[in-house]
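Going by our numbering, the letters in the sequence shown line up with residues 3 to 71, in that order.
Accompanying notes for the structure given below.
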Amino acid sequence: MKYSLILPVYNVEDYLGKCIESCEDQEIPSDEYEIIAVNDGSTDTSLQILQELSKKYNNIKIISQSNKG
């Protein structure tokens, strides 16, 4: 693992899929980086979207916490 991309997530259901897909479309092999998505208590479907995307891409790690600001 060479790179870690930290992605803060809070109520971004409209943009999250496109953001992750953009990361995955890069020319860097997926085994060389990870995406750490930190869900900060989203009240929309952001967490569910992350969970679905993590089934598709094995380099996504999800941290979910209550809103910390």
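Using N, Cα and C, we set each Cβ at its ideal position, and we do this for glycine too.
Could you name the residues that DSSP lists as bridge partners for LEU9?
Mapped onto the sequence shown, residue 9 falls at position 7. Note: LEU9 sits in a beta bridge opposite ALA39.
Straight-line gap, LEU52 to ILE64 (C-alpha atoms, nearest Å)
As a position in the sequence shown, residue 52 is number 50, starting the count at 1. As a position in the sequence shown, residue 64 is number 62, starting the count at 1. The straight-line gap from Cα to Cα measures roughly 7 Å.
Do you know offhand how far GLY43's Cα is from VAL14's?
The count along the sequence shown starts at 1 and reaches residue 43 at position 41. The count along the sequence shown starts at 1 and reaches residue 14 at position 12. When rounded, the distance between both Cα atoms is 11 Å.
Rounded separation between SER6 and ILE38 - CA only:
The residue given as residue 6 occupies position 4 in the sequence shown. The residue given as residue 38 occupies position 36 in the sequence shown. Approximately 7 Å, taken between the alpha carbons.
Taking Cβ positions, are SER66 and LEU55 nearer each other than 7 Å?
Along the sequence shown, read from residue 1 onward, the residue named residue 66 stands at position 64. Along the sequence shown, read from residue 1 onward, the residue named residue 55 stands at position 53. No, the Cβ-Cβ distance between SER66 and LEU55 is not below 7 Å.
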